[in-house]
Amino acid sequence: MARVDYGSCILMPGHGPPLEGTVKGSLRGSSKALGNAVVVGDRVHFQTDRGRAVVVAVAPRRNVFSRCAAGRRPAEQVVAANVDQVVLVASVLEPEFKPNFADRVLCQAEHAGIPARIVINKIDLGSRDLALVVLADYARAGYPGQPASAKSGEGADHLRQACRGRRSLFVGHSGVGKSTLLNALVPELNLLAASVNPKTGKGRQTTTAAWLLRPEPDLELIDTPGVRTFALWGIGPRDLDQSYPDFRRFLGECRFANCQHDREPQCAVREGVAAGLIAARRHASYLKLRAELEAEGPP
Numbered sequence: 001m002a003r004v005d006y007g008s009c010i011l012m013p014g015h016g017p018p019l020e021g022t023v024k025g026s027l028r029g030s031s032k033a034l035g036n037a038v039v040v041g042d043r044v045h046f047q048t049d050r051g052r053a054v055v056v057a058v059a060p061r062r063n064v065f066s067r068c069a070a071g072r073r074p075a076e077q078v079v080a081a082n083v084d085q086v087v088l089v090a091s092v093l094e095p096e097f098k099p100n101f102a103d104r105v106l107c108q109a110e111h112a113g114i115p116a117r118i119v120i121n122k123i124d125l126g127s128r129d130l131a132l133v134v135l136a137d138y139a140r141a142g143y144p145g146q147p148a149s150a151k152s153g154e155g156a157d158h159l160r161q162a163c164r165g166r167r168s169l170f171v172g173h174s175g176v177g178k179s180t181l182l183n184a185l186v187p188e189l190n191l192l193a194a195s196v197n198p199k200t201g202k203g204r205q206t207t208t209a210a211w212l213l214r215p216e217p218d219l220e221l222i223d224t225p226g227v228r229t230f231a232l233w234g235i236g237p238r239d240l241d242q243s244y245p246d247f248r249r250f251l252g253e254c255r256f257a258n259c260q261h262d263r264e265p266q267c268a269v270r271e272g273v274a275a276g277l278i279a280a281r282r283h284a285s286y287l288k289l290r291a292e293l294e295a296e297g298p299p
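Its first residue numbered 1, the sequence shown is counted upward by one per residue in the UniProt record's numbering.
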């Protein structure tokens with residue numbers, strides 16, 4: 001499934017050009033289901049009716065990358081299914097790096113069991129050194145990463161190679177140049193590029209729905225709308241530390257079994273921070289995110 005829009009869809013067969021189609025009414029569910037019954041990345045069975053594809057069944061999913069949908073009541077919104085890696089696209093200038101947003105995306109990927117990597121875009125703005133500092137912090141957590149410039153094309157070859165043979169889901173804050181980076185990765189995609197509002201410093205959204213692209217047989221890229229917030233789904237404050245891979249070696253070593261890794265004595269995680277094994281930026285982000293989850297309540 002390459003794209004889904006309110007029952008209409010675009011299918012990407014194993015061979016041949018994409019097909020336009022519809023989703024069988026019984027698969028769509030209620031209007032409150034947020035379209036989770038059929039999502040981008042799904043493997044589906046379809047029939048043809050008057051030259052148009054009709055999706056009649058969805059194969060079991062290997063995994064899903066979700067978020068908590070906006071609204072009064074918490075609800076899961078599946079962004080994509082059957083993903084091999086999440087590519088977090090960020091910047092350190094225009095807009096500045098947002099560790100809370102980045103760690104929310106990475107925690108959701110960890111929760112789903114999907115590997116993730118980080119790309120710091122816009123290094124042509126003179127932000128290379130700062131980008132390398134951020135990437136070094138995440139390298140300590142085990143996340144591969146790289147600097148890139150969608151404007152100059154720097155890093156495109158390396159990223160393209162890292163995406164080969166993997167269905168890669170691109171996620172990023174509004175204005176970081178995610179779609180522009182995808183254009184640099186595969187120029188023929190010609191995706192619309194976002195710009196940053198000079199008054200607010202916020203990005204203008206261009207991609208309006210997730211879209212699976214296959215420019216080459218072994219290259220599958222999912223572009224998603226840039227967002228300003230990312231709410232976690234299925235992760236609570238008590239198990240948040242399980243979604244921080246740099247914490248895991250220390251979990252169970254704290255003096256208290258219910259340690260929150262804040263001010264408790266003999267906290268192994270804090271000792272890891274003091275020893276330089278965990279980036280202070282990551283620990284601070286964890287404490288902030290935990291407090292936010294406690295305020296938000298259970299998902």
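No residue lacks a Cβ here, since even glycine has one placed at the ideal position from N, Cα and C. Treat the numbers as computed from the prediction; the structure is a model and nothing was measured.
TODO: Have a look at the DSSP bridge pairing and note the partners of N121.
DONE: Bridge partners of N121 according to DSSP: S91.
TODO: Any chance you could list the beta strand (DSSP E) runs of at least 3 consecutive residues sitting entirely within the segment 40-98, in chain order?
DONE: You should have 44-49, 52-58, 64-68, 76-81, 85-91.
Task: Of the residues S127, K24, D103, the one placed nearest D49, counting alpha carbons only - done: Measuring from the Cα of D49, the nearest candidate turns out to be K24.
Open item on the list: Taking a contact to mean a Cβ-Cβ separation below 8 Å, would you say L221 touches C163 in this structure?
Closed with: For L221 and C163, yes; Cβs fall inside 8 Å.
TODO: Under the assumption that Q266 contacts R255 (Cβ atoms under 8 Å), give the Cβ distance between them as a whole number of angstroms.
DONE: Indeed they touch by this definition, with Cβ atoms about 4 Å apart.
TODO: Could you round the C-beta distance between S285 and N121 to whole angstroms and report it? I think they count as a contact, below 8 Å.
DONE: Contact flag wrong, Cβ pair sits at about 20 Å.
Task: C-alpha distance - R117 paired with G236, whole-angstrom precision - done: For R117 and G236, the distance between alpha carbons rounds to 23 Å.
- [ ] Just confirm the distance between the C-beta atoms of H158 and G226, as a whole number of angstroms; I'd bet it's less than 8 Å.
- [x] Contact between H158 and G226 is absent: CB atoms are separated by about 22 Å, not below the 8 Å threshold.
Task: Length of the line joining the Cα atoms of L293 and R52 - done: Straight-line Cα distance between these residues: approximately 45 Å.
Open item on the list: Please report the distance separating the alpha-carbon of A231 from that of E20.
Closed with: Distance from the CA of A231 to the CA of E20, rounded to the nearest whole angstrom, comes to 32 Å.
Open item on the list: Does E110 pass the burial test, meaning 16 or more other C-beta atoms within 10 Å, or should it be called exposed?
Closed with: Classification of E110: buried, given that the 10 Å Cβ count is 16 or more.
Task: Local conformation of residue 336 per DSSP, three classes - done: Given a span of 1 to 299 for the chain in the structure shown, any question on residue 336 remains unanswerable.
TODO: Tell me, please, whether the segment 211-219 touches the segment 179-191 by the rule of three or more beta-carbon pairs shorter than 8 Å.
DONE: Output reads yes: the segment 179-191 touches the segment 211-219.
Task: First and last residue of the uninterrupted beta strand (DSSP E) at V23 - done: Counting along the chain, the beta strand (DSSP E) containing V23 begins and ends at 19-23.
Open item on the list: Given a cut-off of 8 Å on the beta-carbon distance, is the pair K98 and D124 in contact?
Closed with: No, Cβ-Cβ distance for K98 and D124 is not below 8 Å.
Open item on the list: Going by DSSP in three states, S168 sits in which element: helix, strand or coil?
Closed with: Three-state result, S168: strand.
- [ ] Let me know if Q47 comes out buried or exposed under the rule of 16 or more other beta-carbons within 10 Å of its beta-carbon.
- [x] By the Cβ neighbour-count rule, Q47 is exposed, with fewer than 16 other Cβ atoms within 10 Å of its own.
Task: Where the alpha helix (DSSP H) through G272 begins and ends - done: Segment 268-274, the alpha helix (DSSP H) holding G272.
Open item on the list: Rounded to the nearest angstrom, what separates D262 and P18 at their Cα positions?
Closed with: Looking at the two C-alpha atoms, the distance is approximately 51 Å.
Open item on the list: At the level of alpha carbons, what is the spacing between V273 and C259?
Closed with: Near 15 Å, if we compare the C-alpha coordinates of C259 and V273.
Task: Cβ neighbours of V64 in the same chain (closer than 6 Å, five flanking residues each side left out) - done: If we look at V64 and ignore the five residues flanking it on each side, its Cβ neighbours are V78, A81.
Open item on the list: Considering Cα atoms alone, identify which of A131, G16, Q146, V38 is closest to R61.
Closed with: For the residues A131, G16, Q146, V38, the minimum Cα distance to R61 belongs to V38.
Task: Inter-residue Cα distance where the pair is R166 and V44 - done: Straight-line Cα distance between these residues: approximately 19 Å.
Open item on the list: Can you list, in chain order, the residues of its chain with a C-beta nearer than 6 Å to that of H283? Leave out the 5 residues immediately preceding and following it.
Closed with: Excluding residues within five positions, the ones whose Cβ falls inside 6 Å are V273.
Open item on the list: Once DSSP output is grouped into helix, strand and coil, what is the label at L192?
Closed with: Residue confidence is low: L192 scores 42 on pLDDT, short of 50, so the model does not pin down where it sits. Its coordinate-derived value is still stated next. Coil at L192, not helix or strand.
Open item on the list: Quick check: the Cα distance between A210 and Q146, rounded to an integer number of angstroms?
Closed with: The straight-line gap from Cα to Cα measures roughly 24 Å.
TODO: Within the same chain, show all residues whose beta-carbon is closer than 6 Å to that of A112, passing over the 5 residues directly before and after it, in chain order.
DONE: Excluding five sequence positions before and after A112, the CB atoms of its chain that fall closer than 6 Å to its own CB belong to N63, F65, given in chain order.
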